[in-house]
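Number of protein chains: 2
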Amino acid sequence: MSTNIQITPPTTTAAASQTNWQSVHDEVLHRIHTRQWKPGDLIPKEVELAEQLGCARATVNRALRELANEGFLDRRRKAGTRVASHPVRRAKLDIPVIRLEIEGRGQKYAYGLLYSERRTPPPEICTNLAVTPDSDMFHITSLHLADGKPYMFEERWVSVAATPTIAEADLSKISANEWLVLHAPYTKGDISFSAVLASETEAKILCTHKDAPLFLMERTTWNGDHGITSARLLFAPGYRMHSAI
Amino acid sequence: MSTNIQITPPTTTAAASQTNWQSVHDEVLHRIHTRQWKPGDLIPKEVELAEQLGCARATVNRALRELANEGFLDRRRKAGTRVASHPVRRAKLDIPVIRLEIEGRGQKYAYGLLYSERRTPPPEICTNLAVTPDSDMFHITSLHLADGKPYMFEERWVSVAATPTIAEADLSKISANEWLVLHAPYTKGDISFSAVLASETEAKILCTHKDAPLFLMERTTWNGDHGITSARLLFAPGYRMHSAI
DNA sequence: AACGATAATATGTACGTACATAATAACTCT
DNA sequence: AGAGTTATTATGTACGTACATATTATCGTT
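Residue numbers (our numbering), protein chains in the order written: chain A, 1 to 245; chain B, 246 to 490.
Put into structure tokens, the structure is as follows:
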């Protein structure tokens with residue numbers, strides 16, 4: 001089986017591109033972009049590509065696996081690899097702790113606890129987190145500010161059963177969000193985004209007017225079957241969430 | 246031929262799990278979740294973990310690499326691997342072709358071209374896509390419907406230079422969005438989300454009232470240094486975008 | 001003490017081999 | 001022909017070895 005002639009001692013030479021998985025990745029992507037391989041097309045099998053490009057199958061495998069993750073390829077055993085026919089674009093949303101998001105833009109972060117009470121949850125939270133109506137929970141509302149201006153208004157329910165130590169946390173110093181990130185790991189969660197109108201109260205808190213358009217992020221997190229927290233994050237008018245594709 | 250003699254899990258736990266990268270992944274995640282390894286902690290090096298878990302370093306490497314991608318670990322050569330101290334949650338947003346999104350929910354999709362003109366772009370599009378004011382472009386607005394009800398209103402500029410064949414596309418049959426996905430691959434793009442109020446016209450088109458809160462998605466895509474298209478997608482009230490974490 | 005060169009080291013990658021798995025294709029039996 | 005079984009095949013994974021690379025740690029030299 002004919003070695004591909006691996007060229008030379010790979011040392012030293014600033015050889016343009018040795019055949020690494022990244023270059024295979026780029027080459028395949030290039031062929032897709034230039035439409036040599038069109039959506040739906042079956043591309044050569046790993047062994048063939050490896051031979052063509054002069055590298056090991058493992059290397060091709062790595063490259064194609066990444067491309068499949070990124071949504072450019074569809075791969076199935078035995079059936080082979082084809083260019084995704086409906087290129088689902090996969091945007092990666094990094095959702096940082098709000099403090100870091102603000103500080104990352106060079107603004108000054110501040111945080112204020114508005115309200116905190118230990119009480120039983122309302123019905124919609126029960127269904128949301130799958131807890132009983134007599135559960136021991138914290139209800140917390142707080143405001144996050146950037147450069148002194150209201151940035152995000154947070155309303156949150158936290159299950160004490162799921163995170164017993166929260167009773168000891170000083171939530172006037174650290175935001176519930178941030179505390180939870182550090183102390184209450186979760187196994188799954190979901191997040192949704194929508195647009196809503198500001199209520200009278202919300203408007204007052206965010207220093208805007210009633211019926212202003214607000215960006216709303218709703219998050220629920222779980223640890224196994226245990227609902228941990230459910231949060232409603234309302235961003236001040238003008239907020240934009242963005243991401244590269 | 247030849248039955249491979251499955252070498253059954255010899256020692257270790259009766260756990261049905263063989264040591265594959267997935268199980269290493271889960272085990273590490275478990276240790277993070279149970280706070281055996283806390284945010285900021287340095288975890289054992291790959292060779293040690295491999296020994297502990299009875300597998301090859303490559304297997305551990307694969308598992309840890311995935312965990313780093315998911316944002317749970319920070320890895321640096323020589324410095325080792327530590328639990329991410331500010332767990333950035335990485336939500337994967339799949340942004341499908343709108344038709345598939347609607348059909349995927351079992352609703353009936355319909356599409357109407359409202360307006361299409363070949364003309365030069367306004368200033369904000371020029372800066373947006375880095376094209377000259379005398380560029381040859383298409384300006385297209387259209388409406389996407391789910392079960393006969395307005396779902397999303399699309400306003401889009403497409404550079405003819407970047408996608409010559411669009412002149413031949415029948416945009417009353419296929420949406421510009423979908424046509425572009427199939428015929429104009431891009432190398433990079435960005436996307437942003439915000440909340441806005443419906444203008445008079447927008448309200449009429451989306452069958453809602455003026456000043457209704459609308460979810461706005463703005464997308465720009467590029468092929469290399471070539472701006473391809475810039476779109477403004479306005480979703481009817483009630484729209485929610487969601488994602489798992 | 002400051003600085004620069006050098007060694008040490010954990011992760012990153014490449015490769016070849018071997019086997020596992022899923023899905024299809026081919027075949028057999030009724 | 002239809003149903004069930006077996007063979008085939010492309011991807012998926014595991015492993016050991018070897019080497020690359022980015023940092024950090026160490027050691028001299030000034």
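We put the CB at the ideal spot given by N, CA and C, even for glycine.
Values in this document were obtained by computation on a predicted structure and should not be read as measured data.
In or out: residue i buried (at least 16 other Cβ within 10 Å) or exposed?
{"i": "Arg156(A)", "result": "buried"}
{"i": "Arg219(A)", "result": "buried"}
{"i": "Arg246(A)", "result": "Residue 246(A) lies beyond the residue range present for chain A, which begins at 1 and ends at 245; the question has no answer from this structure."}
{"i": "Ile7(A)", "result": "Because Ile7(A) sits at a pLDDT of 31, beneath the cut-off of 50, its placement in the model cannot be relied upon, and the following sentence gives the value as read from the coordinates. Label assigned to Ile7(A): exposed."}
{"i": "Ser194(A)", "result": "buried"}
{"i": "Asn20(A)", "result": "exposed"}
{"i": "Met109(A)", "result": "Checking the sequence, you will find Tyr at residue 109(A) rather than Met. By the neighbour-count rule (16 or more Cβ atoms within 10 Å), Tyr109(A) is buried."}
{"i": "Ala146(A)", "result": "buried"}
{"i": "Ser420(B)", "result": "buried"}
{"i": "Gly227(A)", "result": "buried"}
{"i": "Leu100(A)", "result": "exposed"}
{"i": "Val342(B)", "result": "buried"}
{"i": "Pro378(B)", "result": "exposed"}
{"i": "Val181(A)", "result": "buried"}
{"i": "Ser159(A)", "result": "buried"}
{"i": "Val292(B)", "result": "exposed"}
{"i": "Phe480(B)", "result": "buried"}
{"i": "Asn177(A)", "result": "buried"}
{"i": "Glu144(A)", "result": "Residue identity check: residue 144(A) is His in the sequence provided, not Glu. Classification for His144(A): buried."}
Run through chain A and tell me which residues come within less than 7 Å of residue i, C-beta to C-beta.
{"i": "Ala336(B)", "result": "Leu93, Ile95, Ile191"}
What residues of chain B sit near residue i, judged by a beta carbon separation below 9 Å?
{"i": "Ile32(A)", "result": "Pro430"}
In chain A, which residues lie less than 8 Å from residue i when you measure between Cβ atoms?
{"i": "Met486(B)", "result": "Ser192, Phe193, Ser194"}
{"i": "His331(B)", "result": "Pro96, Val97, Leu100, Val181"}
Helix, strand or coil for residue i per DSSP?
{"i": "Asp271(B)", "result": "helix"}
{"i": "His183(A)", "result": "helix"}
{"i": "Ala198(A)", "result": "coil"}
{"i": "Leu479(B)", "result": "strand"}
{"i": "Leu461(B)", "result": "strand"}
{"i": "Lys188(A)", "result": "strand"}
{"i": "Asn223(A)", "result": "strand"}
{"i": "His161(A)", "result": "It is worth fixing the name first, because residue 161(A) is Ala in this sequence and not His. Three-state result, Ala161(A): coil."}
{"i": "His454(B)", "result": "coil"}
{"i": "Arg280(B)", "result": "coil"}
{"i": "Thr264(B)", "result": "coil"}
I want to verify the contact list: residues of chain A whose CB lies under 9 Å from the CB of residue i, in sequence order.
{"i": "His270(B)", "result": "Per Cβ cutoff of 9 Å: no residues; His270(B) is ~13 Å from chain A at best."}
{"i": "Asp456(B)", "result": "Leu197, Asp211, Pro213"}
{"i": "Lys433(B)", "result": "Ala244, Ile245"}
Using the beta-carbon of each residue, which ones in chain B are nearer than 7 Å to residue i?
{"i": "Pro39(A)", "result": "Leu427"}
* Give, in chain order, every unbroken run of the beta strand (DSSP E) that is at least 3 residues long and sits entirely within the segment 100-154 of chain A. => Taking only runs of at least 3 residues, the beta strand (DSSP E) segments lying wholly in the segment 100-154 of chain A are 109-119, 137-146.
* Asked: Should the segment 226-240 of chain A be regarded as contacting the segment 448-458 of chain B, the criterion being three or more beta carbon pairs within less than 8 Å?
  -> At 8 Å Cβ cutoff, the stretches do not touch.
* **Contact the segment 410-429 of chain B vs the segment 385-400 of chain B: 3+ CB pairs below 8 Å** => Result yes; three or more Cβ-Cβ pairs closer than 8 Å.
* Ranges of the beta strand (DSSP E) found wholly within the segment 321-346 of chain B, counting only runs of at least 3 -> Counting only runs of 3+ residues, the beta strand (DSSP E) found wholly inside the segment 321-346 of chain B occupies 325-328, 334-340, in chain order.
* Inter-stretch contact (C-beta, 8 Å, three-pair minimum) for the segment 71-88 of chain A and the segment 112-130 of chain A -> Judged by Cβ distances under 8 Å, the segment 71-88 of chain A makes no contact with the segment 112-130 of chain A, as fewer than three pairs qualify.
* Asked: Are at least three pairs of beta-carbons, each pair with one atom in the segment 21-34 of chain A and one in the segment 62-75 of chain A, less than 8 Å apart?
  -> Under the 8 Å Cβ criterion, the segment 21-34 of chain A counts as touching the segment 62-75 of chain A, having at least three qualifying pairs.
* **contact_flag[the segment 366-374 of chain B, the segment 432-446 of chain B] where n(CB pairs < 8 Å) is 3 or more** => Touching, no, given that fewer than three Cβ pairs across the two stretches are closer than 8 Å.
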